[in-house]
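Here's the structure, in structure tokens; my notes come after.
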Amino acid sequence: MTASSLPVEQTSYVGRGGEIREIIELIETGRRLVTLTGPGGVGKTRLAQRVAAGAASAFDGDVAFIELAELREPDLLISTVAHRLELGDNTTAPALDVLTRQLRDRRMLLVLDNCEHLLSACARLAEALLRSCPGMAMLATSRQSLDVPGEHLVPVRPFAVPRPGLSPDQVSGYDAVRLLIDRATAAAAPLSVTEANAADVVRLCRALDGLPLAIELAAVRLRALSAGQLADRLDTRLAMLRGGRRVSARQQTFQALLDWSYDLCTGQEKLLWARTSVFAGSFDLDAAEDVCSGDGIEREAVLDGLDGLIDKSILLREGADTARYRLLETVRHYGEDRLVEQDGQHLRRRLHRDHYRRLTDRFAAEWFGPEQIAWAAWIDRENANLRLALDFCTADPAEAGTGLRMAADVWNFWVRVSTKEGRMWFGRLLDAAPADAPGKATGLLLHSFFANLQGDTDTRAELDAATRIAERTGDRHAASCVLIVAGHGAMMRDRASEVTTSLEDAVATLRELGRPYSIAWGMFTLGLCTGLAGNVSRSREVLDAAIEMCVEHGDLFLRSWTLWSRSAIEYAHGDVQVAKKAATEVLRLQRSLHDRSVIGYTLTVLAGCAARTGDARRAARLSGAASVMWRSVGATITNLTSFSSHMHTATAAVVKALGQDKAAAEFTAGTAMSTAQAISYALDDAPDQERAPAPNLSGLTKRESDIARQVAEGMTNREIAAHFVIAPRTVDTHITNIMNKLGVHTRTKIATWVLDSTPGS
């Protein structure tokens with residue numbers, strides 16, 4: 002992850018130049034953990050964003066900004082950080098150990114934003130990373146310190162405010178006033194400091210205590226009130242508040258402003274503010290309508306309510322192609338308190354869960370199809386809300402069955418990003434679910450499958466339990482999937498020959514049931530096990546049929562794995578040239594899907610093919626590139642015992658051909674490649690007519706072509722804007738032009754067009 006991953010500020014930035022320089026200097030001169038502390042609304046996040054951008058060059062751009070406000074579960078901190086860093090974890094080792102191994106050689110700046118609700122977990126993470134990763138520096142924001150040895154605290158204070166009696170020019174020079182002017186102008190309430198209003202502007206900024214968020218909320222009021230009127234009303238509210246609550250002046254200021262903002266909302270806006278607090282991170286209009294309507298808000302009125310909250314600066318709008326909404330964390334907590342007062346939190350959490358249950362149903366129905374890239378992007382975007390919905394289900398045995406069905410709908414997501422997290426959710430839901438919960442058999446078999454992927458293949462008892470439940474309930478689909486998982490585990494233990502008959506039976510049953518994705522999954526497993534058992538002709542037949550089925554449905558994910566299986570069997574037992582052809586096709590597909598596990602497996606097979614055909618230098622470089630992929634997903638091909646001997650033979654051949662030193666140098670050169678560079682290098686191994694040049698996006702400008710490829714890679718408009726250092730609205734314009742030129746109407750169609758323009762895809 003690079004500095005281009007930093008959040009894009011939605012408003013201009015005012016002040017703190019000296020603080021930014023001071024903090025950057027601390028980081029660059031060896032302070033390895035700097036924590037910005039201060040109250041909510043003081044501007045810690047924006048300051049951290051600016052510091053991270055300013056310090057990026059000292060880390061060669063390797064800066065990662067991890068927003069933690071949407072994360073509610075401390076146990077998922079490591080998984081969240083790993084996912085944001087595009088790292089995975091397919092082992093049974095402690096997650097923190099895996100992450101430190103993955104990061105130990107990187108020189109990078111890691112920013113953890115909003116740590117206060119995960120304080121102990123963040124402290125453990127920081128201490129471990131700083132101890133094990135000598136090139137790591139960390140910047141944290143929190144309302145209190147992490148209390149880690151070596152931590153350097155930087156209190157972030159409110160903006161300085163002018164004292165009474167200064168001239169208009171002097172007043173205008175204060176950052177608090179500059180921010181007020183900037184935000185008032187943005188809210189269509191242009192403000193300038195004059196002789197007539199200077200005293201009122203000073204009084205207002207002093208009443209707001211220089212808190213940036215308080216100033217931004219108050220600035221909106223200047224559309225209807227003068228600075229003096231606004232200061233008068235705020236003074237009145239503060240006087241009332243101070244009469245009844247024993248809190249600090251700064252807390253009183255912010256509480257009064259939030260109370261006032263709440264009172265100025267309509268009845269429906271108040272309800273909507275409270276109800277949107279149940280979301281984790283951002284949400285879209287459909288989600289808001291499903292979760293927040295009813296009991297005082299008609300579904301058709303939700304959009305107007307959202308618009309009203311945006312107009313009052315309570316809600317932030319983000320996203321360009323599809324609007325999404327977000328409450329700042331301080332504002333969300335205020336809404337959550339109001340929802341608890343209304344005794345409405347459980348109902349809204351249930352409606353939240355129901356909304357995402359409907360979407361996971363659609364995910365399962367449409368994943369094996371042409372919208373797969375779009376669904377992959379959706380679940381990456383909604384991961385925080387999905388976690389929240391599953392957490393709701395683990396808290397009540399009556400809801401755990403629904404949670405098991407939801408988890409089963411999206412199990413492929415965790416295969417891509419974190420088998421550890423997938424196994425965790427199925428484990429928690431199974432623990433919560435009663436014996437007769439619907440979906441328990443499927444939950445047991447998928448829990449076993451994730452254990453297999455982590456190298457833990459001793460799951461016979463769990464699979465037997467799943468079989469008993471499936472037989473008792475007449476669930477032939479689950480019973481067949483148990484056989485697939487058992488086959489996968491046997492393959493991992495190099496006992497594939499023992500399961501080929503049962504896998505044939507499972508695929509036959511699934512064909513009777515007409516479950517396309519399960520059929521393709523079963524054929525993938527059958528084809529791989531049959532080949533490993535020595536029946537290469539049957540393996541080719543089954544895998545080719547599975548690939549054809551994936552192509553017919555528009556699937557990329559399982560198609561990639563099945564093509565890898567085809568290449569692996571040919572490499573181990575058949576034609577090396579066929580193996581190379583299948584492997585290069587996998588890498589072409591992965592330019593759109595970015596599944597690091599299958600990329601690692603594929604580069605390893607291509608390294609073996611190069612060794613077998615006498616190209617030792619290429620074999621060493623591809624092995625180096627593959628090792629980076631393996632480390633990034635926290636696994637190794639040695640988990641797949643059947644291929645270990647082939648890899649050892651290939652490694653020995655490379656060392657013999659090049660010598661130990663030269664082989665090590667070439668391997669190291671491979672480790673220096675980025676994922677994109679490794680894929681490009683590997684694809685050069687294909688014949689000229691099979692190489693995959695960049696798509697020829699005829700009719701598009703170079704910038705439009707570049708942006709189209711970024712869309713195909715799943716990047717959001719904010720990410721594209723940050724990558725090219727252009728304004729988000731400029732990206733909007735480019736994407737509109739791309740759609741007009743290509744004659745398409747959605748981002749998914751752009752991605753499909755780019756993919757179709759790549760030979761071999």
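Here the working numbering is used: the first residue of the sequence shown is 2, the next is one more, and so on.
All C-beta atoms, glycine included, are put in the ideal place defined by N, C-alpha and C.
### Simplified DSSP state of Trp754, which is helix, strand or coil
helix
### Residue range of the unbroken alpha helix (DSSP H) whose run includes Phe427
420-433
### Message
So Ala57 and Ile79 are supposed to be a Cβ contact under 8 Å. How far apart are they, rounded?
### Response
Not quite, the Cβ-Cβ distance comes to about 24 Å (not below 8 Å), so this is no contact.
### Message
Measuring straight from C-alpha to C-alpha, what distance separates Arg132 and Cys116?
### Response
Rounded to whole angstroms, Arg132 to Cys116 spans 19 Å at the Cα level.
### Range of the contiguous beta strand (DSSP E) that encloses Glu68
64-68
### Query
Rounded to a whole number of angstroms, what is the C-alpha to C-alpha distance between Leu1 and Gly428?
Residue coverage of the chain in this structure runs from 2 to 762, which leaves residue 1 outside it and unanswerable.
### Task
Give every residue of the same chain whose Cβ lies closer than 7 Å to the Cβ of Val15, excluding the five residues on either side of it in the sequence, and list them in chain order.
Asp176, Arg179, Leu180, Asp183
### Task
Determine the direct distance from the alpha carbon of Ile485 to that of Asp437, and round the result to whole angstroms.
23 Å
### Task
Mark Leu514 as exposed unless 16 or more other C-beta atoms lie within 10 angstroms of its C-beta, in which case mark it buried.
exposed
### Task
Answer with buried or exposed for Phe280, where buried requires no fewer than 16 other C-beta atoms within 10 angstroms of its C-beta.
buried
### Message
Just list the residues that DSSP pairs Leu140 with in beta bridges.
### Response
Val35, Val112
### Task
Jot down the residue ranges of each uninterrupted alpha helix (DSSP H) in the region 436-516, minimum 4 residues, whole runs only, in chain order.
441-454, 461-474, 477-493, 501-514
### Message
Relative to the C-alpha of Gly282, which candidate in Leu352, Arg333, Ala197, Lys313 has its C-alpha closest?
### Response
With distances taken between Cα atoms, Gly282 lies closest to Arg333.
### Query
Tell me the DSSP bridge mates of Arg325?
Asp285, Glu319
### Query
Which one of Arg592, Met630, Ala573, Lys582 has the shortest CA to CA distance from Gly601?
In terms of Cα proximity to Gly601, the closest of Arg592, Met630, Ala573, Lys582 is Met630.
### Message
If you reduce the DSSP assignment to three classes, tell me which class His595 lands in.
### Response
For His595, the secondary structure class from DSSP, reduced to helix, strand or coil, is coil.
### Query
For Leu360, does the three-state DSSP call read helix, strand or coil?
helix
#### Entry: Cβ pair Glu822, Ala608 closer than 8 Å
The requested residue 822 does not occur in the structure, where the chain is confined to residues 2 to 762.
#### Entry: Which of helix, strand or coil DSSP assigns to Val172
Reduced to three states, the DSSP call for Val172 is helix.
#### Entry: Spatially closest choice to Arg105 from Ala138, Leu113, Ala219, Ala612, by CA coordinates
Ala138
### Message
Give the list of continuous alpha helix (DSSP H) stretches no shorter than 4 residues that lie fully inside the region 532-608.
### Response
Whole alpha helix (DSSP H) segments, 4+ residues: 537-554, 558-574, 577-594.
#### Entry: Pro165 (DSSP reduced to helix, strand or coil)
coil
### Query
Residue range of the alpha helix (DSSP H) that Val43 falls in?
Counting along the chain, Val43 falls outside any alpha helix (DSSP H), and DSSP gives it neither H nor E.
### Query
Thinking C-alpha only, which one of Gly174, Ala188, Glu29 is nearest Val202?
Selected option, being the one with the closest Cα: Gly174.
### Query
Three-state secondary structure (DSSP) at Pro156?
strand
#### Entry: Buried or exposed (CB count within 10 angstroms, at least 16 for buried), His649
exposed
### Query
Do three or more CB pairs link the region 219-226 to the region 339-359 at distances below 8 Å?
Taking a cut-off of 8 Å for Cβ pairs, the region 219-226 and the region 339-359 do not touch, as fewer than three such pairs fall below it.
### Query
What residue from Ala573, Leu590, Leu223 has the CA that sits closest to Ala651's CA?
Ala573
### Reference Ser143, options Gly19, Gly42, Thr30, closest by Cα
Residue nearest to Ser143 within the set Gly19, Gly42, Thr30 is Gly42 (criterion: CA-CA distance).
### Message
When you compare the region 292-310 with the region 270-278, are there three or more beta-carbon pairs, one atom per stretch, that lie closer than 8 Å?
### Response
yes
### Task
Write down the C-beta distance between Val606 and Gly89 rounded to the nearest angstrom, noting that I regard them as a contact closer than 8 Å.
Wrong, their Cβ atoms sit about 19 Å apart, outside the cutoff.
### Query
Would you report the Cα separation of Tyr682 and Asp662, rounded to the nearest angstrom?
For Tyr682 and Asp662, the distance between alpha carbons rounds to 22 Å.
### Query
Looking at C-beta atoms only, is the number of pairs between the region 377-396 and the region 347-355 that lie closer than 8 Å three or more?
yes
### Task
Can you tell me which of Leu226, Gln269, Gly211, Ala228 puts its alpha carbon nearest to the alpha carbon of Thr254?
Gly211
#### Entry: Whole-angstrom distance between Ile311 and Gly44, CA atom to CA atom
20 Å
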